[in-house]
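Asker:
Protein chains: 2
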Amino acid sequence: MAILVVGSVAFDAIETPSGRRDRCLGGAATHFSLAASYFTPVRVIGVVGEDFGSAEEAVFASRGIDTRGIEHVSGKSFFWCGSYMKNLNEAQTLNTELNVFQSFSPKIPTEYQDSEYLFLANIDPVLQADVRSRMPKVKMVCGDTMNYWIKDHAENLARVLKNLDALLINDGEAKMLAHDNNLVVAARKILAMGPKALVVKHGEYGATAFFGENAFPGEVCRTPFRAPALPLAEVVDPTGAGDSFAGGFFGYIASQPKLTSAVFRRAMFYGSVMGSFAVERFGTERLQQLEPQEIEDRFALFRQLSHLD
Amino acid sequence: MAILVVGSVAFDAIETPSGRRDRCLGGAATHFSLAASYFTPVRVIGVVGEDFGSAEEAVFASRGIDTRGIEHVSGKSFFWCGSYMKNLNEAQTLNTELNVFQSFSPKIPTEYQDSEYLFLANIDPVLQADVRSRMPKVKMVCGDTMNYWIKDHAENLARVLKNLDALLINDGEAKMLAHDNNLVVAARKILAMGPKALVVKHGEYGATAFFGENAFPGEVCRTPFRAPALPLAEVVDPTGAGDSFAGGFFGYIASQPKLTSAVFRRAMFYGSVMGSFAVERFGTERLQQLEPQEIEDRFALFRQLSHLD
Chain C
38 MAILVVGSVA FDAIETPSGR RDRCLGGAAT HFSLAASYFT PVRVIGVVGE DFGSAEEAVF
98 ASRGIDTRGI EHVSGKSFFW CGSYMKNLNE AQTLNTELNV FQSFSPKIPT EYQDSEYLFL
158 ANIDPVLQAD VRSRMPKVKM VCGDTMNYWI KDHAENLARV LKNLDALLIN DGEAKMLAHD
218 NNLVVAARKI LAMGPKALVV KHGEYGATAF FGENAFPGEV CRTPFRAPAL PLAEVVDPTG
278 AGDSFAGGFF GYIASQPKLT SAVFRRAMFY GSVMGSFAVE RFGTERLQQL EPQEIEDRFA
338 LFRQLSHLD
Chain Z
38 MAILVVGSVA FDAIETPSGR RDRCLGGAAT HFSLAASYFT PVRVIGVVGE DFGSAEEAVF
98 ASRGIDTRGI EHVSGKSFFW CGSYMKNLNE AQTLNTELNV FQSFSPKIPT EYQDSEYLFL
158 ANIDPVLQAD VRSRMPKVKM VCGDTMNYWI KDHAENLARV LKNLDALLIN DGEAKMLAHD
218 NNLVVAARKI LAMGPKALVV KHGEYGATAF FGENAFPGEV CRTPFRAPAL PLAEVVDPTG
278 AGDSFAGGFF GYIASQPKLT SAVFRRAMFY GSVMGSFAVE RFGTERLQQL EPQEIEDRFA
338 LFRQLSHLD
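Line order of the protein sequences matches chains C and Z.
Residue numbering for the first sequence follows the working numbering, beginning at 38 and increasing consecutively.
Residue numbering for the second sequence follows the working numbering, beginning at 38 and increasing consecutively.
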């Protein structure tokens with residue numbers, strides 16, 4: 038079933054030990070939707086400027102992604118410039134130009150109203166809550182956020198968390214959100230804020246899911262679940278790995294008839310699979326041209342990497 | 038079959054957010070042998086001072102560990118004082134007194150000569166090589182080391198690595214040893230130095246094993262293997278977690294008729310299991326009083342934590 042994603046569509050300038058790109062298509066909604074598109078229909082809500090042209094449109098079109106919700110306005114698209122020269126695990130932001138994103142006011146096309154799955158990528162929690170409230174019939178809502186909103190927009194974020202089925206953030210964000218340095222304690226506190234499940238991303242070490250009592254209808258799952266990341270000899274560009282994880286994760290869930298703990302676990306693996314592809318090339322290059330068989334082969338590799346038999 | 042371990046037997050003073058102990062039994066060989074003792078007979082070579090008395094002897098005896106190789110000399114035992122108040126993932130050493138350990142010259146009792154498995158805990162690589170050369174008939178040799186030996190005793194360490202079946206170190210040590218920040222590349226370089234397998238410990242994120250072409254007789258295993266660590270709400274004392282991992286890992290291997298990749302994978306899980314118990318209490322308190330069923334239950338929990346079905 039269709040996923041609706043709201044978030045940034047942007048241009049990135051990226052420098053890593055493997056090279057540099059002065060301008061590549063990026064943004065959380067872009068990475069997410071490309072990754073999810075291998076599993077389920079995807080619809081995007083975002084805003085772009087006049088620099089977003091047919092070449093960029095074609096990237097979404099080639100994956101059958103519905104972009105009727107991407108608003109085109111005058112001005113320049115969101116632009117981010119970052120470097121991973123010092124640390125491949127953490128981007129150093131050199132420049133951020135919000136441009137048209139600064140006055141982003143999400144509009145939901147009528148054709149999107151029947152979306153059953155909603156992903157609130159990392160944007161202002163006020164906008165996240167607004168989109169959520171205008172999609173009252175969605176079956177499942179997942180969301181992301183970042184240190185900036187956790188630190189300075191806590192009350193707005195709290196309103197979003199109350200209604201989330203799953204929150205996907207990284208270690209540092211989880212600890213900051215819970216004001217606790219122990220991940221298990223932090224997870225308990227975050228689940229008490231509202232999300233039925235919490236997925237904490239550990240970068241090269243994979244991701245861990247924690248579940249609330251009500252995570253799965255008719256099923257109690259107390260054991261966390263840890264999906265590995267693939268040890269890679271070269272991480273070309275880590276940008277968008279987390280959003281690609283989210284896309285694989287939520288795309289797989291949306292492709293399944295029912296959310297069970299078994300589906301959630303497999304979704305964690307598909308998230309890791311899509312994250313592992315994303316970092317193999319700059320920007321969205323790798324996610325634009327995957328074959329379904331490559332995804333299944335890598336899923337099998339993840340199983341081999343982590344399973345006893 | 039019997040494992041022979043050579044390494045430190047010590048007293049530790051430890052401070053963590055959960056409390057403090059002014060004097061508890063510690064040392065790499067102690068943690069290792071207690072953990073391994075749940076799987077296979079263990080024999081220890083080490084040196085202690087006059088402060089090592091019947092209470093300490095009883096700890097080893099209660100687990101059936103052969104201590105005839107622990108030499109008693111006049112003076113004080115190795116003493117280490119550390120704090121985890123700033124960071125539970127990394128000890129801050131406040132004081133180290135080598136004492137009788139300074140002039141440690143391992144002696145191998147005749148009764149130990151038929152040991153089929155040898156673990157070279159973290160000591161001077163000259164001593165590691167010496168013990169190794171005096172046990173020519175062992176079936177499998179694993180070893181540990183640390184940044185100090187990697188940095189300032191590289192040539193001596195290289196001689197040890199040449200003849201190792203498996204090296205067990207942590208991320209930072211692996212990257213330092215290989216002069217490379219990418220773990221996969223570092224692993225390749227380290228395997229080229231001699232070890233047939235490399236186990237890299239990631240603390241709270243588990244451990245990853247990398248295999249050389251010749252790791253398993255008649256079997257090629259190219260896929261690394263990642264074992265998770267158990268997310269714990271309270272890490273009481275991380276001291277000895279790595280040695281307990283090594284004990285569970287090697288103890289399980291020594292208990293099996295043959296080393297296969299399947300046995301190695303299960304050994305990684307048993308390593309993680311014993312590491313997870315070790316940190317639940319101060320020093321060796323938890324490892325002194327485990328029930329076999331507790332170990333099997335936790336093994337099952339690790340499977341649930343990481344397996345799709």
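Yeah, the Cβ is synthetic: ideal placement off N, Cα and C, and Gly gets one too.
Note that the coordinates shown come from a computational prediction; the quantities given were computed from them, not determined experimentally.
Quick test of your reading: Ile-227(Z) and Leu-204(Z), contact by CB under 8 Å. State the CB separation rounded to the nearest angstrom.
Answerer: Sure, about 7 Å apart at Cβ, within 8 Å.
Asker: Under a CB-based cut-off of 7 Å, is Ser-343(Z) close to chain C?
Answerer: It does; some Cβ of chain C falls within 7 Å.
Asker: For a contact defined as C-beta to C-beta under 9 Å, what are the partners of Phe-306(Z) on chain C?
Answerer: Within chain C, the residues near Phe-306(Z) are Leu-345.
Asker: Identify whether His-190(C) lies in helix, strand or coil by the three-state DSSP scheme.
Answerer: Correct three-state label for His-190(C): coil.
Asker: Please check if any C-beta of chain C sits within less than 7 Å of the C-beta of Ala-95(Z).
Answerer: Output row for Ala-95(Z): interface = no.
Asker: Could you tell me whether any Cβ in chain C is nearer than 7 Å to the Cβ of Ala-252(Z)?
Answerer: Not closer than 7 Å to any Cβ of chain C, the Cβ of Ala-252(Z) fails to qualify, so no.
Asker: At which residues does the beta strand (DSSP E) containing Glu-134(Z) begin and terminate?
Answerer: Element bounds for Glu-134(Z): 129-134.
Asker: Note down, one range per segment and in chain order, each alpha helix (DSSP H) of at least 4 residues found wholly within the stretch 126-181 of chain Z.
Answerer: 162-170, all fully within the stretch 126-181 of chain Z.
Asker: Could you tell me which chain Z residues have their CB closer than 7 Å to the CB of His-109(C), listed as they occur along the chain?
Answerer: Near His-109(C) there are no residues of chain Z at all, since even the closest Cβ is about 41 Å away, more than 7 Å.
Asker: For Arg-335(C), I'd like the list of residues in its chain whose CB is within less than 6 Å of its CB, leaving aside the five on either flank, ordered along the chain.
Answerer: Val-310, listed in sequence order.
Asker: Give me the residue from Asp-181(C), Asn-218(C), Gly-101(C), Ala-50(C) with the minimum Cα distance to Ala-39(C).
Answerer: Of the listed residues, the one whose Cα sits closest to Ala-39(C) is Gly-101(C).
Asker: Since Phe-48(C) sits in a beta bridge, which residues does DSSP pair it with?
Answerer: DSSP, once it has assigned bridges, lists Leu-62(C), Phe-116(C) as partnering Phe-48(C).
Asker: List the whole-angstrom C-beta distance separating Leu-41(C) from Met-172(C), where the pair is believed to meet the contact cut-off of C-beta under 8 Å.
Answerer: Right, the Cβ-Cβ distance comes to about 7 Å (below 8 Å), so this counts as a contact.
Asker: Write down every uninterrupted run of the alpha helix (DSSP H) in the stretch 231-281 of chain Z whose length is 4 residues or greater and which is fully enclosed by it, in chain order.
Answerer: Runs of the alpha helix (DSSP H) inside the stretch 231-281 of chain Z: none found.
Asker: Taking a Cβ distance cut-off of 8 Å, strictly less, list which residues of the stretch 232-246 of chain C are near chain Z, in chain order.
Answerer: Those would be His-239, Glu-241, Tyr-242, Gly-243, Thr-245, in chain order.
Asker: So which residues of chain C does Phe-262(Z) contact, with C-beta pairs closer than 7 Å?
Answerer: The contacting residues are Leu-342.
Asker: Closer than 7 Å, Cβ to Cβ, to anything on chain Z: give me those residues from the stretch 296-329 of chain C, in chain order.
Answerer: Per Cβ criterion, the list reads Ala-299, Arg-302, Arg-303, Phe-306.
Asker: Would the C-beta of Ser-170(Z) count as close to the ligand FMN, meaning under 6 Å from any of its heavy atoms?
Answerer: The ligand FMN is not among the ligands present in this structure, which contains no ligands whatsoever.
Asker: Which partner residues of Leu-204(Z) appear in the DSSP bridge assignment?
Answerer: Partner(s): Gly-180(Z), Leu-235(Z).
Asker: Going by C-alpha distance, which of Ile-160(Z), Arg-169(Z), Val-79(Z) is nearest Ser-140(Z)?
Answerer: Cα-wise, what sits closest to Ser-140(Z) is Ile-160(Z).
Asker: When Cβ atoms are compared, which residues of the stretch 266-278 of chain C fall closer than 8 Å to chain Z?
Answerer: Result list: Pro-268, Leu-269, Ala-270, Glu-271, Val-272.
Asker: For Val-85(C), list the residues DSSP reports as bridge partners.
Answerer: Val-85(C) pairs with His-109(C).
Asker: Would you kindly check if the distance between the Cβ of Leu-164(Z) and the Cβ of Gly-180(Z) is under 7 Å?
Answerer: Going by C-beta atoms, Gly-180(Z) is not nearer than 7 Å to Leu-164(Z).
Asker: Alpha carbon to alpha carbon, how far is Ala-195(Z) from Met-213(Z)?
Answerer: Ala-195(Z) and Met-213(Z): Cα-Cα distance of roughly 14 Å.
Asker: Taking the Cβ atom as the reference point for each residue, do Phe-69(C) and Asp-346(C) lie within a distance shorter than 7 Å?
Answerer: Going by C-beta atoms, Phe-69(C) is not nearer than 7 Å to Asp-346(C).
Asker: May I ask you to list the residues that DSSP assigns as paired with Leu-41(Z)?
Answerer: DSSP output for Leu-41(Z) lists Arg-80(Z), Leu-155(Z) as bridge partner(s).
Asker: Short of 7 Å Cβ to Cβ, which residues in the stretch 114-138 of chain Z face chain C?
Answerer: For the stretch 114-138 of chain Z, which is checked against every Cβ of chain C, not one residue is closer than 7 Å.
Asker: What do you reckon, are the CB atoms on Ala-291(C) and Tyr-154(C) nearer than 7 Å?
Answerer: Their beta carbons are under 7 Å apart, which means Ala-291(C) touches Tyr-154(C) by this criterion.
Asker: For Gly-285(Z), does the three-state DSSP call read helix, strand or coil?
Answerer: DSSP places Gly-285(Z) in helix when its eight states are reduced to three.
Asker: Which residues, taken in chain order from the stretch 217-232 of chain Z, show a beta carbon closer than 9 Å to some beta carbon of chain C?
Answerer: Within the stretch 217-232 of chain Z, the residues whose Cβ lies closer than 9 Å to some Cβ of chain C are Asn-218, Asn-219, Leu-220, Val-221, Val-222, Ala-224, Arg-225, listed in chain order.
Asker: With a 10 Å radius around its C-beta and 16 neighbouring C-beta atoms as the bar for buried, classify Pro-254(C) as buried or exposed.
Answerer: Result: exposed.
Asker: So which of Lys-238(C), Gly-249(C), His-216(C), Val-237(C) has the shortest CA-CA distance to Lys-199(C)?
Answerer: Of Lys-238(C), Gly-249(C), His-216(C), Val-237(C), the residue nearest in Cα terms is Gly-249(C).
Asker: Taking the alpha helix (DSSP H) that Glu-328(C) belongs to, which residues open and close that run?
Answerer: It is not in any alpha helix (DSSP H) - Glu-328(C) carries neither H nor E in the DSSP assignment.
Asker: Hey, how far is the Cα of Asn-251(C) from the Cα of Phe-156(Z)?
Answerer: One C-alpha to the other measures close to 47 Å.
Asker: For the putative contact between Val-137(C) and Gly-63(C), defined by C-beta atoms under 8 Å, what is the C-beta separation to the nearest angstrom?
Answerer: Wrong, their Cβ atoms sit about 15 Å apart, outside the cutoff.
Asker: Whole-angstrom Cβ separation of Ala-246(C) and Val-236(C), contact assumed at under 8 Å?
Answerer: Rounded, the Cβ-Cβ distance is 5 Å, consistent with contact.
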